[in-house]
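Asks: For the sequence shown, our numbering begins at 860 and goes up steadily by one.
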Amino acid sequence: MIVTRFPPSPTGPLHIGSIRTALYSYLLAKQNNGTFILRIEDTDRTRFVEWASDNFLRLLKLFGCTPDEWYGIGGPNGPYVQSERIEFYQKHLHKMVADGFAYYCFATIEEVETDRAEKESLWLPTHFQSKDRELPYDEARARVDAGESYSIRLKVPKWEKIIFDDMIRGRLEFATNEVEDQVLLKTDGIPTYHGAVVLDDYAMKVTHMFRGEEWISSIPKQVLTARALGIELPRYGHLPLILGTDRKKLSKRNGDVSVDNFLEKWYLVEAIINYIALLGWNPKTTEEFFTLSELIERFDVAHIQKAGAIFDMEKLTWMNGKYIAKLTSAELYDRLDIYLKEYQSEYATTTWQNFDRKYHLRVLSEVGIRLPTLSQFSELSKCCYVQPTEYLLQTFCNEKMKVTTLEEVLMAIDFARDILTISSNSSAEELQKQFLEKIASSGLKNGQILYPVRVALSGEQFSPGAFELISILGIDESLTRLNNARNFLISSHELPRT
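1) With DSSP as the reference, label C964 as helix, strand or coil.
2) Pull up the distance between the alpha-carbon of Y1202 and that of E1123, whole angstroms please.
3) Whole angstroms are fine: how far does the CA of A1287 sit from the CA of E1296?
4) Quick check: the Cα distance between T1144 and A1166, rounded to an integer number of angstroms?
5) Verify whether the separation of the beta carbon atoms of E909 and Q941 is less than 7 Å.
6) How about T863 and A881: do their beta carbons lie closer than 7 Å?
7) Report buried or exposed for K1217, applying the criterion of at least 16 other Cβ atoms within 10 angstroms of its Cβ.
8) Could you tell me how far apart the beta carbons of I861 and N891 are, in whole angstroms, since I believe they sit closer than 8 Å?
9) Between which two residues does the alpha helix (DSSP H) holding H953 run?
10) Give the DSSP-derived three-state secondary structure of F1255 in the structure shown.
11) CB I1272 to CB L1341, shorter than 7 Å?
12) Taking 7 Å as the cut-off, decide whether the C-beta atoms of L1058 and I1011 are in contact.
13) According to DSSP, is I1027 part of a helix, a strand, or is it coil?
14) Would the beta-carbon of F1023 fall within 7 Å of that of I1078?
15) Spell out a yes or no on whether the stretch 1015-1033 and the stretch 1148-1155 are touching, meaning 3 or more CB-CB pairs, one atom from each, closer than 8 Å.
16) Mapping DSSP to helix, strand and coil, what is W1074?
17) Using 10 angstroms around the beta-carbon of I875, count the other beta-carbons present and answer buried if the total reaches 16, otherwise exposed.
18) For F895, report the span of its beta strand (DSSP E) as first-last.
19) Which runs of the alpha helix (DSSP H) at least 4 residues long sit entirely within the stretch 1132-1177? Give them in chain order.
20) When you compare only the Cα positions, how much space is there between E1173 and L1127?
21) Quick check: is the beta carbon of R1028 nearer than 7 Å to any beta carbon in chain C?
22) Excluding sequence positions up to five away, which residues of its chain have a Cβ less than 8 Å from the Cβ of K1241?
23) Which word fits V1056, buried or exposed, when buried means at least 16 other C-beta atoms lie within 10 angstroms of its C-beta?
24) Taking only the alpha-carbon atoms, compute the straight-line gap between L1098 and E1072 and give it to the nearest angstrom.
25) Please state whether DSSP places K922 in a helix, a strand or coil.
26) Should the stretch 985-998 be regarded as contacting the stretch 1026-1042, the criterion being three or more beta carbon pairs within less than 8 Å?
27) With DSSP run on the structure shown, which of helix, strand or coil describes M1063?
28) Between S1282 and L1290, which are expected to be in contact by the criterion C-beta below 8 Å, what is the C-beta distance as a whole number of angstroms?
29) Buried or exposed for R879, going by 16 or more other Cβ atoms inside 10 Å?
30) Let me know if A999 comes out buried or exposed under the rule of 16 or more other beta-carbons within 10 Å of its beta-carbon.
31) Assign F987 to one of three DSSP states: helix, strand, or coil.
32) Do R906 and T870 have their C-beta atoms within less than 7 Å of each other?
33) By a C-beta neighbour count over all protein chains shown, 10 Å radius and 16 as the cutoff for buried, is A1034 buried or exposed?
34) Please go through the stretch 1222-1297 and give each complete alpha helix (DSSP H) segment of 4 or more residues, from N-terminal end onward.
35) Using 7 Å as the threshold, is the C-beta distance between I1183 and L1230 below it?
36) So K1261 packs on Q1307, CB below 8 Å; how close in whole Å?
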């Protein structure tokens, strides 16, 4: 059975690249009826963030990648938090020393830093190799038992070639003379990543794992550790980097890179999943839109590319807009009601909650298809919820629509007022028909009437059309806004009221 794992470190928000790793791990497990594990790698206590682990789990569930085994529900191969497995690591790492595959190192931090500085000044490789490497085991063990501070380092053999088969990159070769004697157990008794990962994967029966290509250099350390422990490594797949538009590794300098940042900007979960799935994986088709279940069916490790993938915000926003457009008004309302209350609480309480669901659905039927992200709803729909208080004449004027003077603007507003006043019981279709017929019979162009009316109703240069706004606002509110616009324009330009 295939077993995959996602092992984030609780040091802060979840990076968009990490959720891709989690997604690929989940897809591989599920398409093979396997197991997907969430493991928390919290041995770096200096950067530990209390809320991070629960946030990781929340996001995995939100994205539909719920683990089969994790620290909350346990499992047959737990515990699933590294800090709860310290004795397990210590036992096996001390045995590696006893068996001659690692050694006790008594060098201080100052000695290590001095050695590194001296090598850097001579332009030499900075790999540290302690003189303690050659200490007889009994002598080194006696110093440990006497209470002397120590770490455990991997004893890397010299002049050996390590050959490794990567799921994505194929055959990889490493020369051990270029590999440092890696610290496996720190002086505080806590294992490093290298001292824990091989043991964890073995204990949790992991068969396949993904991680970023920046970890390729650690392969020989894991191979040698597994050899020393007499265990088999999982199949490794090193994913291509996610790059910014500057073709550098995606980081904070490129903008927001945490998953929560994208959720706070109101990108839909399904759009994020779809987009990141394609950052490094090619479905070998012209299709671009996939549900999670379709990704489980179609995902193929053989089609993961080696080259870095460019994270294009414009493409993500375009894809997100397509997903929003697919939602019904009712579905969009349910999403917005949640998002507004969570991320725009002031708007939710001062504006959104002042209108009923029926009204919101009318707004969304017109505005929803224009939304690239949900965060732009309050801006794009403002005219539907807030009456304009001021108007600029130049906003009404449009040479293309043959509206260039105040008199022409007022004529259009009066034209609409007359129709709405006598058509209070007309349906939207009947009202539109009346407008168009009267415009035609008056020898006018549609834009001469509808453009100024739209601006009068919205107060904005860009908004839904006149008929759409009348349908949303209703006859009474539309008349109120037309009257307000007319009075404002007349008073602003010192024309007599009629």
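Glycine included, each C-beta is placed from N, C-alpha and C at the ideal position.
Replies: So, to answer that:
1) Position 105 of the sequence shown, counted from the start, is the residue given in the question as residue 964. The answer is strand: DSSP assigns C964 an E or B state.
2) The count along the sequence shown starts at 1 and reaches residue 1202 at position 343. The count along the sequence shown starts at 1 and reaches residue 1123 at position 264. For Y1202 and E1123, the distance between alpha carbons rounds to 7 Å.
3) If you number the sequence shown from 1, residue 1296 lands on position 437. If you number the sequence shown from 1, residue 1287 lands on position 428. About 14 Å.
4) Counting from 1 along the sequence shown, the entry for residue 1144 is found at position 285. Counting from 1 along the sequence shown, the entry for residue 1166 is found at position 307. Looking at the two C-alpha atoms, the distance is approximately 19 Å.
5) The residue labelled residue 909 in the question sits at position 50 within the sequence shown. The residue labelled residue 941 in the question sits at position 82 within the sequence shown. Not closer than 7 Å, so no.
6) Here the question's residue 863 lines up with position 4 in the sequence shown. Here the question's residue 881 lines up with position 22 in the sequence shown. Their beta carbons are not under 7 Å apart, which means T863 does not touch A881 by this criterion.
7) Mapped onto the sequence shown, residue 1217 falls at position 358. Classification of K1217: exposed, given that the 10 Å Cβ count is below 16.
8) For the purposes of this step, residue 861 is identified with residue 2 of the sequence shown, where counting begins at 1. For the purposes of this step, residue 891 is identified with residue 32 of the sequence shown, where counting begins at 1. That pair is a contact at about 4 Å.
9) Translated into positions along the sequence shown, residue 953 becomes position 94. Counting along the chain, the alpha helix (DSSP H) containing H953 begins and ends at 945-957.
10) One-based indexing of the sequence shown puts residue 1255 at position 396. DSSP places F1255 in helix when its eight states are reduced to three.
11) One-based indexing of the sequence shown puts residue 1272 at position 413. One-based indexing of the sequence shown puts residue 1341 at position 482. Yes, the Cβ-Cβ distance between I1272 and L1341 is below 7 Å.
12) By 1-based counting over the sequence shown, the position of residue 1058 is 199. By 1-based counting over the sequence shown, the position of residue 1011 is 152. It is not a contact, given that the beta carbons lie outside the stated cut-off.
13) In the sequence shown, counting from the first residue as 1, residue 1027 sits at position 168. Correct three-state label for I1027: coil.
14) Translated into positions along the sequence shown, residue 1023 becomes position 164. Translated into positions along the sequence shown, residue 1078 becomes position 219. Yes; because the gap between Cβ atoms is below 7 Å, this pair is in contact.
15) no
16) On the sequence shown, residue 1074 is found 215 positions in, with the first residue counted as 1. It is helical.
17) Stepping through the sequence shown from its first residue, residue 875 is reached at position 16. When all chains shown are included, I875 counts as buried.
18) On the sequence shown, position 36 is the one that residue 895 refers to. From DSSP, the beta strand (DSSP E) with F895 extends over 894-897.
19) 1151-1157
20) In the sequence shown, the residue the question calls residue 1173 occupies position 314. In the sequence shown, the residue the question calls residue 1127 occupies position 268. Each residue's alpha carbon lies about 15 Å from the other.
21) Reference to chain C is not applicable here, since this structure consists of a single protein chain.
22) Looking up residue 1241 in the sequence shown gives position 382. The residues are E1319.
23) One-based indexing of the sequence shown puts residue 1056 at position 197. Buried, since its Cβ has 16 or more Cβ neighbours within 10 Å.
24) Position 239 of the sequence shown, counting from 1, holds the residue named residue 1098. Position 213 of the sequence shown, counting from 1, holds the residue named residue 1072. Cα to Cα, L1098 sits roughly 5 Å from E1072.
25) Looking up residue 922 in the sequence shown gives position 63. Looking at the sequence shown, residue 922 is not Lys but Phe. Three-state DSSP puts F922 in coil, outside helix and strand.
26) yes
27) Indexing the sequence shown from 1 puts residue 1063 at position 204. Correct three-state label for M1063: coil.
28) The sequence position of residue 1282 within the sequence shown is 423, counting from 1. The sequence position of residue 1290 within the sequence shown is 431, counting from 1. So it is a contact: roughly 6 Å between Cβ atoms.
29) Numbered from 1 along the sequence shown, position 20 holds the residue referred to as residue 879. Per the 10 Å Cβ criterion, buried.
30) In the sequence shown, residue 999 corresponds to position 140, counting from 1. The residue is buried, with at least 16 neighbouring Cβ atoms inside 10 Å.
31) Here residue 987 corresponds to residue number 128 of the sequence shown, with the count starting at 1. It is coil, neither helix nor strand.
32) If you number the sequence shown from 1, residue 906 lands on position 47. If you number the sequence shown from 1, residue 870 lands on position 11. Yes, Cβ-Cβ distance for R906 and T870 is below 7 Å.
33) In the sequence shown, residue 1034 corresponds to position 175, counting from 1. By the 10 Å Cβ count, A1034 comes out exposed.
34) 1236-1239, 1241-1244, 1252-1255, 1265-1281
35) As a working note, residue 1183 is residue 324 in the sequence shown. As a working note, residue 1230 is residue 371 in the sequence shown. Against a cut-off of 7 Å, the Cβ pair of L1230 and I1183 comes out as a contact.
36) Position 402 of the sequence shown, counting from 1, holds the residue named residue 1261. Position 448 of the sequence shown, counting from 1, holds the residue named residue 1307. That belief holds up - the Cβ atoms of K1261 and Q1307 are roughly 5 Å apart, short of 8 Å.
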